[in-house]
Every structure is written in C-alpha cells, then in structure tokens.
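Asker: Under my numbering, the first residue of the sequence shown carries the number 4, and numbering increases by one thereafter. The C-beta atom is built at its ideal place from N, Cα and C for all residues, glycine as well.
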Amino acid sequence: MKMRKADIDSNSAIAVRDPGAELKRNLDERFKFARHLETPIWIYDVDLKKIVFANQTACRLWQAVDETELYSRDLGIGMSTTVSQRLKQYQSDFVEKGAKFREAWTLYPEGQPISTMVNYSGVRLYDSRMAMQCEVVGETVSVPENVRSTEALLHTDVMISLYENDGAPIYMNPAARKKINSTDQRLKEKFVDQIDFSRLQTNLNSSGEHRMISKMITDSGTRWHDISVKSCLDSVTGKPALLVTEIDVSELKNARDKARYLADSDQLTGCFNRLYLQQHMSMLANIQSERCALLCFDVDRFKQINDCFGHEVGDTVLKEIASRVRNATRRNDVVVRLGGDEFVVVFDDIQDDRVFAETAERLLEIISEPILHDKTRISASVSIGVTIFNPRKADFTELMREADVALYVSKNEGRNRVTFFNEKMGADAKARDAIELELKDSVLNSEFEIYYQPRLDLKVGKALSAEALVRWNHPKRGIVSPAEFIPICEETGLIEELGRMIVKKACDQAIKWRQEGIDLDISVNISPRQFDDPLLMGLLEDISQKTDFPSKRIELEITESALIGSHEVIEEKLKIIAKMGFRIAIDDFGTGYSNLSYISNFPLDCLKIDQSFIAQLPASGPIVGLILTLAGQIGASVVAEGVEDADQLVWLIENGCDQIQGYMVSRPIPAEEFEKLIVSDSYSISKFFDQ
Ligand code: C2E
Ligand code: CA
Ligand code: CA
4 MKMRKADIDS NSAIAVRDPG AELKRNLDER FKFARHLETP IWIYDVDLKK IVFANQTACR
64 LWQAVDETEL YSRDLGIGMS TTVSQRLKQY QSDFVEKGAK FREAWTLYPE GQPISTMVNY
124 SGVRLYDSRM AMQCEVVGET VSVPENVRST EALLHTDVMI SLYENDGAPI YMNPAARKKI
184 NSTDQRLKEK FVDQIDFSRL QTNLNSSGEH RMISKMITDS GTRWHDISVK SCLDSVTGKP
244 ALLVTEIDVS ELKNARDKAR YLADSDQLTG CFNRLYLQQH MSMLANIQSE RCALLCFDVD
304 RFKQINDCFG HEVGDTVLKE IASRVRNATR RNDVVVRLGG DEFVVVFDDI QDDRVFAETA
364 ERLLEIISEP ILHDKTRISA SVSIGVTIFN PRKADFTELM READVALYVS KNEGRNRVTF
424 FNEKMGADAK ARDAIELELK DSVLNSEFEI YYQPRLDLKV GKALSAEALV RWNHPKRGIV
484 SPAEFIPICE ETGLIEELGR MIVKKACDQA IKWRQEGIDL DISVNISPRQ FDDPLLMGLL
544 EDISQKTDFP SKRIELEITE SALIGSHEVI EEKLKIIAKM GFRIAIDDFG TGYSNLSYIS
604 NFPLDCLKID QSFIAQLPAS GPIVGLILTL AGQIGASVVA EGVEDADQLV WLIENGCDQI
664 QGYMVSRPIP AEEFEKLIVS DSYSISKFFD Q
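Next up, the structure:
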C-alpha cells in the first residue's frame, strides 16, 4: 500500500463530517493504553483518508512534528485508485467478514519508502463508521526485491493464499480475501464439488501439487477458478502448508463451454452431432459396462414429407422426433443427429436384451404419434437398426456399418420396424457391397445388354410392341437378372448413369427398327430415382429431336410408387416428356397406393397390370375388371403382365384387355434373336388356339 505525501487530492469529497474534538476525545480515551507503547499504532479513517489517532512511536515513524500535524495530513492526495479501492475493500472486509490480517505497508513519510509489516483490524469510530487499526509488528528489511515482491503480491489480481495442511487459512493476499465468503472459510469449504476436492487431496498426496478448473464458492456466487495447489512449508512457522493460487476463469470457461456446445451439437434439433458421437464412442472403452447398443434410425419417406409439406414442416418433424427420443431415453443415453433424417442413439448399459428390444419398440410407437405443425397433422414413422456390442472390443466404423445393415433390412421389410443386426445380415451385406463394386466397373465397361419381350395385341392378334429389359452380362457369372442389381443401382445412384445408357440404347434400337421398316412400339423402364437425374430430361429431349424419332411409339414405364409423393414435380416432368412425343405407362399397376382420383392428372397412355393379379385370375377378376374400367375412363390402354397360361389369356380377351405380355408368348430375348422372330411374324395369337 503506497501513500505519498505528494499525492494530494483536495477534492476527494466524502460526505462525512469531520469528527473534530469529540472524535479525538473518544479515541484518545479508548486508546490511552497505546500512547506509550513501543509498538507504533495508528488509526486510519478510510473515508476521510486521514490518520485520526497515532501513538508516539507511530508519530515518529511517520516523521510527524506532532500528532496535530500528522492528523492534518491528507493521505488521499494522489493515492492511486487501486489503493483507494483496496482500502475500501478492507473496510467492508472488516464490517462483513470481521477480517484481521497482516500485510506490508510501505510508508513514504518524507518521500522515502519505509516497509513495515502491519496487523490490520477494524475499529468502530464514534459515529459507528469502520476505520482501520494499524499496528506495526516489524519493519521489513527494505531490500528492493522484498519490497517489490511484497507490493506485487498486494496488487495482483491473482488470488494467492496459504492454508495449513488441514485446510485452515493462514494468509490471503487482498485479491484472495476479496473473494472469500468469510475469513475462516476452510479450503474444502470453497469447493462446490467435493469430488474435485478429493481429487486434489489424492494428487497432493501423490505428487505434492495439483491444478484444475473447479467451481468455487465465492462472495459473488459460484465461479470457475483455475486453481493450483502446492505443498510447501509456512516460512513463518516452518510447518507444512498449502500454497493456493487461483484465477477466475468463469468468462473464459463459459465462452469455451458455449463454443464446445456449438461444436458438439446439431443446430436444428439440439441433439449431439457426428463429431461428438465419434468422441463419445472412443470414450466408451473406459466404462464399466459390458454391453452397449448403437441404435440408428431414419425417417421413412422423409423426402416425401419435405416435398409434400415443405421444408419447414420437415424441420418440425425432425425437431419433434429428436425431442421425443430424448425424453424417452435416459440421461446417459446419447442422442445424435448424423445429418438429414438420420439419427443415432447410444445406450451405454444394456442389462437385458429383451427389455432393450421393448425400449426400441416403444421408440417406434412414440415417434409414430401424429406430429402437429400449425394445423397440419403429420404421421411420420422411422425404421430402426440396432447392434449390440461390447465397448472394449468394438470398432466405431464397423458398428455404424452393422446398425446400418440392420436399418436397411428394416426398410426392406416394409419400414416402421426394428431390426437387430446378426452375422447372416452382415454376410449378405458384404455380398451386396461386392456386387456394388463390380457394378461400378461394369457400367464403365458396358457389360449390359438389352433383351426384348414382345407385347401381343389382342385385337390385332400380333406383337405390335416390346418391352426393353436390361441384363448384366457378367464376365464370370453370365447373365444376371435385373431383379438382383437394379435395386442396388437405385440405392447407390448408379441407376442414373445406367438408366440413361439403357434409355439411349433402347430408343436407338426403336429408331433403327423403324428405319428398317419394322413396325414396333418399344417400352423402356424408368426407375423413380431417375427423375432426380438432372441429365435425363436433356437426353430425352435430344432423342426426341432425332430425325426418324417415332413420335408416340416409344413408351416410358414408370412404377406406380414413383407417382406417390411429390405429385407436382413428377406431374410437371411427365407433361414435358409427353409433349416431347413419348408415351407414358404406369408399371406394376395395382401394387402401389395410388389415389385413383389423381391418376387423371397425369398424361397416361397405358396401365400395366401387375403380374400378381394376372397370376391369381380368375379370383382377382373383380380387381382386374376395375383396372380395365378405370383405364377406359382415362383413355389409357391396358397391358396384362406375366401371362403364363391359356385360361388367363381367355379371361383377358373376354374382358377386353388390349395387350398381353408373358412367358406364354415369349421370355425376354436378345435383340437380334427378337428381330428375326418379329420379321418372320412368329408372335401370333392364332398359335395358342391352333393347339
Ligand atoms: P418389370 O418392369 O415388371 O418387368 C417385367 C418382369 O417380369 C421382367 O423381369 C420379365 O422377365 C418378367 N416376366 C415377363 N413375363 C413373365 C411371366 O410370364 N412370368 C413371370 N414370372 N415373369 C415374367 P426382369 O426382366 O427380370 O426384370 C425385373 C424388373 O427389373 C423389371 O420388372 C423392372 O422393374 C426392372 N428392370 C428390368 N429392366 C430394367 C431397365 O432397363 N431399367 C429399369 N429401371 N428397370 C428395369
Ligand atoms: Ca416394366
Ligand atoms: Ca411390371
């Protein structure tokens, strides 16, 4: 503490009246005992910044002419604000905490510093204000380093304190004293979290020091302190002690926590994100549990929800699902949004697989409760894949793959269900992955060939059209069925490139046959996913511009499921395609969930009745009849698929079906073979009745 004579501020206006003679009498009376003591004692009025009592030795120390001259000195003159604030702090420490402490005071009686060690305590003045009683307990040797280091200790914002080994306080610098709750607060009592304190003790015992960031109880509430504790010896008593250094890092920690929260969480749903999941999985190896579960799910037909209701509704659905899952799981379970509509939940302690299976089923139920957005009720479901694992043996990437394989099975088996991963699933998936890899090469190597299957016109009695069906000419396996590889191409997106290749090949064939005088309509299959292909429309446009393009003689077959969902987008595209001169057929008709009323919105030329209905004729007669009537009303022709026997053929002729296609007429065959048979007029209805 520095108080310079020269530091005079005559304007330091504190609204306290000068105690005057009464105060003097009062103090002189109370401190009569001190007048002749060898120890310098004085009383400093913190508000008036004046000494209001001093014994003779104190007067000498201050190098005053006499008491009156000393009392008349204004010690506030030029006093730095930090010193002034600290003295104010001491004053309130005396009032609120009953503080008594020992600290150095450097006096500057004649401009020359004198370092003293002073005991401070509070003393009430006659008007009950708190003043500071100062009693010199020793003159510190004025070695410059000592003076400076003492000064530094007093001025620093770092809280420095010394505790006895059992935690009783010995010394606190002003910064530390300012923050404590009471002067006799023990070290242990400063910790909010006693686990932190135990950890501190353990480390002190083993290494003699410890540093951590811990939540501390201070006079301004709980704060985060970077606290460092070292075992040492008290330089006064020589007894073992603890030197504690603390810095308030609350602002920094809060900012860092916020940054971490932002880095670890998904903005939309407030769930954890992929980054956090990875960290969490790597920590799992250290937990006690033997069985954990990784559950992954995605929202069934989420794209349709987005397309039909808009992205805002899509967001509401994701948020609601995330919040339901969080509410339905325990605190330790980690709910993660991977991105899009994909989520993962990690359960770190599975006691009983059966009970856990019920938990997973319950999640399905909770999620499928209708979700409200404004006044719209949306029904969303999810497909779930689960893998159970031992955290000490598990590999994160492998676990994600297993859960994903199980999820894929859930989707394939009709969605809205839970599947637990097993080894067989893993093997199947590996085989699929192998095909996928091969497929990529084969698309590049053009290992695909188009077969043609005739469509027999029942009125004319001849084949007037044919369906183009792709085959994979596998170098080792021979001809591979599209039923095996088209779904994989659809999932992986390979269908876009392969699909364009097929469309181009089949259309070129149709044009070539036209040029050669072969009068044949050709139909080509288009997968729903191909409507997302930005290049498809351009390709169709190019084809329609070709000379000899047989307008209205090339038909594109689209499965019914492609029409469900984003009606407007598909409707728009189909209208453009129809305008280019292509015909449009709905494939596998009757198997989807198409709302018959909207079918009339699409520019449809043909309905292809799914083979499952034809196989069940005549039992399925009423349904097939209904489709024939519907087609008549919208002006579309009808093809019966999968016709295999004469009874089916007769039923279809009698009920006015336009065309049939099936093994009864011919299996799909390579183009050259098919061409020969067409040219020789081999496909004739009379064949079936001559027998
Ligand atoms: P799809 O479009 O319904 O094609 C008819 C399927 O039924 C063909 O199988 C055909 O060989 C088979 N089929 C024809 N007549 C009969 C019959 O009398 N009985 C039975 N049991 N089956 C019959 P394929 O060629 O194996 O094609 C399977 C599916 O693969 C197709 O079903 C279609 O969805 C898809 N696909 C085939 N080629 C292509 C293509 O070029 N592009 C796209 N996107 N998908 C294709
Ligand atoms: Ca087809
Ligand atoms: Ca079909």
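1) Quick check on the DSSP output: the alpha helix (DSSP H) that includes Tyr703 runs from which residue to which?
2) Whole beta strand (DSSP E) runs in the segment 470-527 with 3 or more residues, listed along the chain?
3) With a 10 Å radius around its C-beta and 16 neighbouring C-beta atoms as the bar for buried, classify Gln533 as buried or exposed.
4) Which word fits Ser530, buried or exposed, when buried means at least 16 other C-beta atoms lie within 10 angstroms of its C-beta?
5) Have a look at Gly211, Gly114, Glu113, Tyr93 and flag the residue whose alpha-carbon is nearest the alpha-carbon of Thr186.
6) Looking at the structure shown, is Met120 part of a helix, part of a strand, or coil, going by DSSP?
7) Along the chain, where does the beta strand (DSSP E) containing Ala643 start, and where does it finish?
8) For Val572, count neighbouring C-beta atoms within 10 Å of its own C-beta (all shown protein chains included) and say buried if the count is 16 or more, exposed if not.
9) What would DSSP say about Arg418, mapped onto helix, strand or coil?
10) So, is Ile482 buried or exposed, given that buried needs 16 or more other C-beta atoms within 10 angstroms?
11) So Ala325 and Val338 are supposed to be a Cβ contact under 8 Å. How far apart are they, rounded?
12) Using the three-state DSSP reduction, which class does His228 fall into: helix, strand or coil?
13) Name all residues in chain order for which at least one heavy atom of ligand 2 lies closer than 5 Å to the residue's CB.
14) Sorry if obvious, but does the Cβ on Asp613 come closer than 7 Å to a heavy atom of ligand 4?
15) How big is the Cα-Cα spacing for Lys273 and Glu575?
16) Quick one: is His314 buried, meaning 16 or more other Cβ sit within 10 Å of its Cβ, or exposed?
17) Can you tell which of Ser386, Asp356, Arg670 has its C-alpha closest to the C-alpha of Val347?
18) Enumerate in chain order the residues of its own chain whose CB-to-CB distance from Ala434 is below 6 Å, with the five nearest sequence positions on each side excluded.
19) Opposite Leu165 in the DSSP bridges: which residues?
20) Could you check if Ala471 belongs to the surroundings of ligand 1, using beta carbon to heavy atom distance under 7 Å?
21) Tell me whether Glu644 counts as near ligand 3, meaning its Cβ is closer than 7 Å to at least one heavy atom of that ligand.
22) I'd like the list of long-range same chain contacts for Ala61, defined as Cβ closer than 7 Å, with 5 residues on each side in sequence excluded.
23) Can you give me the C-alpha to C-alpha distance between Ala9 and Gly114, rounded to a whole angstrom?
24) How is the alpha helix (DSSP H) around Glu361 delimited, first residue to last?
25) With DSSP as the reference, identify every bridge partner of Pro107, one or two as the case may be.
26) Taking the Cβ atom as the reference point for each residue, do Ala383 and Ile374 lie within a distance shorter than 8 Å?
27) Since Pro673 sits in a beta bridge, which residues does DSSP pair it with?
28) Would you say the beta carbon of Gly3 is closer than 7 Å to some non-hydrogen atom of ligand 1?
29) Using the Cα positions of Tyr129 and Glu138, report the straight-line distance between them to the nearest angstrom.
30) Just to confirm, does Ala674 get its C-beta within under 7 Å of one of the non-hydrogen atoms of ligand 1?
31) To the nearest angstrom, how far is it from the Cα of Lys53 to the Cα of Asp77?
32) Closer than 7 Å by C-beta to Asn168: which residues in its own chain qualify, once you throw out the five before and the five after it? Chain order, please.
33) Could you tell me the alpha carbon to alpha carbon distance between Ala171 and Leu165, rounded to whole angstroms?
34) So, with DSSP's three-state summary, where would you put Val68?
35) Helix, strand or coil for Gly541, going by three-state DSSP, please let me know.
36) Do you know offhand how far Ser285's Cα is from Phe399's?
Answerer: To lay it out plainly:
1) Residue coverage of the chain in this structure runs from 4 to 694, which leaves residue 703 outside it and unanswerable.
2) 481-483
3) Residue numbering aside, residue 533 sits at position 530 when the sequence shown is read from its first letter. Classification of Gln533: buried, given that the 10 Å Cβ count is 16 or more.
4) Here residue 530 is taken as the residue at index 527 of the sequence shown, counted from 1. With 16 or more Cβ atoms within 10 Å of its Cβ, Ser530 is classed as buried.
5) Counting from one through the sequence shown, the residue named residue 186 turns up at place 183. Looking at the Cα atoms, Tyr93 is the closest of the given residues.
6) Along the sequence shown, one-based indexing puts residue 120 at 117. DSSP places Met120 in strand when its eight states are reduced to three.
7) As a first step, residue 643 must be located in the sequence shown, where it is residue number 640. Ala643 -> beta strand (DSSP E) spans 640-643.
8) Residue numbering aside, residue 572 sits at position 569 when the sequence shown is read from its first letter. Its Cβ having fewer than 16 others within 10 Å, Val572 is exposed.
9) Looking up residue 418 in the sequence shown gives position 415. Coil at Arg418, not helix or strand.
10) Here residue 482 refers to the residue found at position 479 when the sequence shown is read from its first residue. Ile482 is exposed by the Cβ-count criterion.
11) Working through the sequence shown from its first residue, we reach residue 325 at position 322. Working through the sequence shown from its first residue, we reach residue 338 at position 335. The Cβ separation is near 7 Å, so the contact holds.
12) Position 225 of the sequence shown holds residue 228. DSSP places His228 in strand when its eight states are reduced to three.
13) Asn528, Glu560, Asp590
14) Among the ligands present in this structure, namely ligand 1, ligand 2 and ligand 3, ligand 4 is not found.
15) Taking the sequence shown and counting its residues from 1, the one referred to as residue 273 is at position 270. Taking the sequence shown and counting its residues from 1, the one referred to as residue 575 is at position 572. The displayed chain sequence assigns Gly, not Lys, to residue 273. For Gly273 and Glu575, the distance between alpha carbons rounds to 37 Å.
16) Your numbering for residue 314 matches position 311 in the sequence shown. Classification of His314: exposed, given that the 10 Å Cβ count is below 16.
17) For the purposes of this step, residue 347 is taken as residue 344 along the sequence shown, with counting starting at 1. Out of Ser386, Asp356, Arg670, Ser386 has the C-alpha closest to the C-alpha of Val347.
18) Along the sequence shown, one-based indexing puts residue 434 at 431. Cβ neighbours of Ala434 beyond the five flanking positions: none.
19) The residue given as residue 165 occupies position 162 in the sequence shown. According to DSSP, Leu165 bridges with Tyr174, Leu246.
20) Locating residue 471 in the sequence shown gives position 468, where the first residue counts as 1. Under cutoff, so the answer is yes.
21) Position 641 of the sequence shown, counted from the first residue, corresponds to residue 644. Under cutoff, so the answer is yes.
22) Residue 61 sits at position 58 when you count from the first residue of the sequence shown. Cβ neighbours of Ala61 beyond the five flanking positions: Pro43, Ile44, Trp45.
23) Sequence index remark: in the sequence shown, residue 9 carries index 6 (1-based). Sequence index remark: in the sequence shown, residue 114 carries index 111 (1-based). Because the pLDDT at Ala9 is just 36, under 50, the model does not fix this residue reliably, and the value given afterwards should be weighed accordingly. Cα to Cα, Ala9 sits roughly 8 Å from Gly114.
24) Position 358 of the sequence shown, counted from the start, is the residue given in the question as residue 361. First-last of the alpha helix (DSSP H) with Glu361: 356-371.
25) Sequence index remark: in the sequence shown, residue 107 carries index 104 (1-based). For the record, residue 107 in the displayed sequence is Ala; it is not Pro. Ala107 is bridged to Met120.
26) By one-based count along the sequence shown, residue 383 stands at place 380. By one-based count along the sequence shown, residue 374 stands at place 371. A contact, by the Cβ cut-off of 8 Å.
27) Along the sequence shown, read from residue 1 onward, the residue named residue 673 stands at position 670. According to DSSP, Pro673 bridges with Tyr454.
28) Past the boundaries of the shown model lies residue 3; the chain is included only from 4 to 694, so the question cannot be answered.
29) Within the sequence shown, the letter at position 126 stands for residue 129. Within the sequence shown, the letter at position 135 stands for residue 138. For Tyr129 and Glu138, the distance between alpha carbons rounds to 20 Å.
30) Within the sequence shown, numbered from 1, the residue matching residue 674 stands at position 671. No, the Cβ of Ala674 stays beyond 7 Å of every heavy atom of ligand 1.
31) Walking along the sequence shown from the start, residue 53 turns up at place 50. Walking along the sequence shown from the start, residue 77 turns up at place 74. Going from the Cα of Lys53 to the Cα of Asp77 covers about 6 Å.
32) Taking the first residue of the sequence shown as 1, we reach residue 168 at position 165. Pro243, Ala244, Leu245, listed in sequence order.
33) For the purposes of this step, residue 171 is identified with residue 168 of the sequence shown, where counting begins at 1. For the purposes of this step, residue 165 is identified with residue 162 of the sequence shown, where counting begins at 1. Using only the alpha carbons, I get a separation of about 9 Å.
34) Locating residue 68 in the sequence shown gives position 65, where the first residue counts as 1. The answer is coil: DSSP assigns Val68 none of H, G, I, E or B.
35) Mapped onto the sequence shown, residue 541 falls at position 538. Residue state, collapsed to three classes: helix.
36) Mapped onto the sequence shown, residue 285 falls at position 282. Mapped onto the sequence shown, residue 399 falls at position 396. So the alpha carbons of these two residues sit roughly 8 Å apart.
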